[in-house]
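Taken in order, the sequence shown gives residues 250 to 740; the numbers are from this note's numbering. Just below is one structure, and these are the notes that go with it.
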Amino acid sequence: MKWFVVLGMAFLALFMGLATAFAGPIVLVAFLPLAMVIGLVFDYRIAVVFLALAISLSSSALLPQAQGLNPISYAIFGAFLVLVIKNAFKSVPTVWPPLDIALILMVPIVFGALLAVPHLGVARQNMGAREFASTYETFPFLKQYILRPFYFLMFAFLVANAVKESKRPERFVFLFSVAALVPSAVVFLAVALAGANLEVLQSQRGFLSGFGLHSNEFGKLLAFAFGPLLFAAFASKGIARTWFVFALTILLAAIIFTFTRAAYISVFITVVIFLWQRKQVGLILGAVSLVVVLAVAAPKAVVDRVTTGTDSASISATKTGEANDKLTAGRIAGNLMLFPEVLKSPIWGSGTGSTAWSYAVSKGLYLPSHPHNMYLALLMDVGLLGFCVALYFYYRFGKALRALAQTETVPSLLRAFFGGAWASLVGMMFMALSGGQWVPHPEQSFLWLTFGITLAYWSEVAVNRKKRGEGRRYAWGIKPMNLASETRTFR
């Protein structure tokens, strides 16, 4: 069978070479869907590996974006179909998310997008001639805010099943590390293409936009990967540790060159959690020494970015909520302008992306199409209900990560991975104060990859709780009487 596959691939390569020589490069583009299908026939996990490596760049020009030629779409739907059919015929149990988790993920996405539809006309008018104004047409909007977020949920589902089927699931930690190097390489490429003038890059902030994400979004994307790799590096030995240290070094350098202060804060929080859990004097002294070395050796552009807005005049502007304050780049002033929108519909909000049709944007007082605060975006878009549901998901996710990091039946490398992911999740919740999407988005790619790996072990959390004797929690702490254990005589 292996020789048949090798010969088939050789014949296919020869055919493609001849076809390209006669018809040109268009043959390669047309062959992409067929190649994806051929790979999926052998194993849907091939698509899972591809998605793990590519989904962070799903909105980038580095991947085909034309309708009908998007490899992410082919990989997700093809892998999903192959997985369901295979498990049905082989009677293999499929890993599904718990019903409550599935509902709290899907319902706000659909509800928020549908609630926004009546306001899209105002949004198009407010956006004017901006290049993304067409996003607020009804069909593109629903595609952007329902279909694409569901891609990430389906991706997590596929990852969960791939991990569950794997004989060595800890290999997915290595896949995670390689996936983290992909956007890191894009950051270095962008810096090189810009002429490596760091002073200009730290002030312009848009040098990565051509690759599908703003530099702030790249920073948040990479910052989440920092925790799992940090914890994995200290939990492994030999060649594995060397690899994780190498990947962590590349990742940290890429984070620095995004010039994203929120990502810097997230990394700092992750390191503090790591040191607090380890409680080793040597590690603490080593970390402090490393920080001192980095502070001394850091390029001037990085130092300027970190210290932007720390002078007395800027701090005064921040305190008074002025639009030109350098410390928060006007975020506080923007939040103050947008907060009254919450009061218009405090329970269920005004729909996904409601900043675009807010009063401040309509009057030209506020230019961005998002509030630079994930929590404010939740309150504006889906109200208190959606806000509470989102926080509940992060609570459940974080609780599962903490539990799996202490579960002995989980491989040691994965336990470290889960512990690092929890630390990164805490850092992400702080980053959300300065921006971030509440709907699944490419900047959250490593969050959803982690969620998929976690989902494969979700049942272990309940089993572990029972072993600790926690059992089920009852309302008001009142446990119903177990009549079977009572021996009474009635006369």
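Cβ atoms here follow ideal geometry from the backbone N, Cα and C, with glycine treated the same way.
Through-space distance from residue j to residue i, alpha-carbon basis
i      : j      : result
Val412 : Thr557 : 44 Å
Pro589 : Arg373 : 21 Å
Gly583 : Ala605 : 13 Å
Ile488 : Arg664 : 19 Å
Phe388 : Tyr323 : 20 Å
Val366 : Ala382 : 14 Å
Pro522 : Ser452 : Per the sequence shown, the amino acid found at residue 522 is Ile instead of Pro. Cα to Cα, the separation comes out at about 31 Å.
Leu302 : Val431 : 7 Å
Ser433 : Ile499 : 7 Å
Ile353 : Val638 : 6 Å
Gln529 : Ser538 : 14 Å
Val344 : Asn410 : 6 Å
Met403 : Ile395 : 12 Å
Pro689 : Lys416 : 29 Å
Ala439 : Lys339 : 47 Å
Gly598 : Met678 : 21 Å
Leu650 : Ala562 : 43 Å
Glu709 : Val436 : 37 Å
Ile564 : Ala362 : 38 Å
Leu543 : Leu682 : 26 Å
Ala546 : Ile334 : 56 Å
Leu653 : Pro347 : 16 Å
Pro357 : Leu369 : 18 Å
Residue i, DSSP secondary structure in three states
i      : result
Phe456 : coil
Leu335 : The sequence given here has Lys at residue 335, not Leu. In the structure shown, Lys335 sits in a helix (DSSP, three-state: H, G or I).
Val540 : helix
Val545 : helix
Ala670 : helix
Lys486 : coil
Trp606 : helix
Trp492 : helix
Trp345 : coil
Val552 : helix
His621 : coil
Gly686 : Before going on, a small fix: residue 686 reads as Gln here, not Gly. If DSSP states are grouped into helix, strand and coil, Gln686 belongs with coil.
Ile533 : helix
Asn446 : coil
Val659 : coil
Thr557 : coil
Tyr706 : coil
Pro595 : coil
Ser415 : coil
Ala562 : helix
Lys392 : helix
Buried versus exposed call for residue i [16 or more other C-beta atoms within 10 Å across all chains shown]
i      : result
Gln393 : buried
Pro620 : buried
Ser464 : buried
Asn375 : buried
Trp687 : buried
Asp630 : buried
Leu534 : exposed
Thr601 : buried
Asn622 : buried
Gly613 : exposed
Val795 : Because residue 795 is not part of the residues shown, which for the chain are 250 to 740, the question remains open.
Pro398 : buried
Tyr385 : buried
Thr567 : buried
Asp574 : buried
Leu478 : buried
Expected contact under 8 Å - CB spacing of residue i and residue j to nearest Å
i      : j      : result
Thr519 : Gly476 : 4 Å
Ala320 : Leu462 : The sequence as given places Pro at residue 320; Ala does not occur at that position. In fact, because the Cβ distance is near 18 Å, the residues do not count as touching under 8 Å.
Leu674 : Phe700 : About 10 Å separates the two Cβ atoms, so there is no contact after all.
Met586 : Tyr624 : Actually they do not touch by this definition, with Cβ atoms about 16 Å apart.
Ala512 : Met680 : 7 Å
Gly676 : Ser515 : 3 Å
Phe401 : Gln693 : 7 Å
Phe666 : Phe480 : 7 Å
Ala328 : Leu407 : 5 Å
Pro418 : Pro660 : 7 Å
Trp697 : Ala443 : That pair is no contact at about 29 Å.
Nearest candidate by alpha-carbon position, reference residue i, set the options
i      : options                           : result
Gly668 : Met355, Ala362 and Val422         : Val422
Ala472 : Ser426, Ser618, Tyr706 and Ala652 : Ser426
Ala670 : Ala681, Thr703 and Gly685         : Thr703
Leu447 : Lys593, Leu391 and Thr507         : Thr507
Pro595 : Phe636, Leu300 and Ser661         : Phe636
Phe460 : Pro357, Leu300 and Leu312         : Leu312
Val591 : Ser603, Lys469 and Ala705         : Ser603
Val331 : Arg294, Lys469, Asp560 and Ser305 : Arg294
Ala609 : Asn336, Val371, Asp349 and Phe299 : Val371
Closer than 7 Å: residue i CB and nearest the ligand COA heavy atom
i      : result
Leu470 : By its list of ligands, the structure shown contains no ligand whatsoever, and the ligand COA lies outside what it can speak to.
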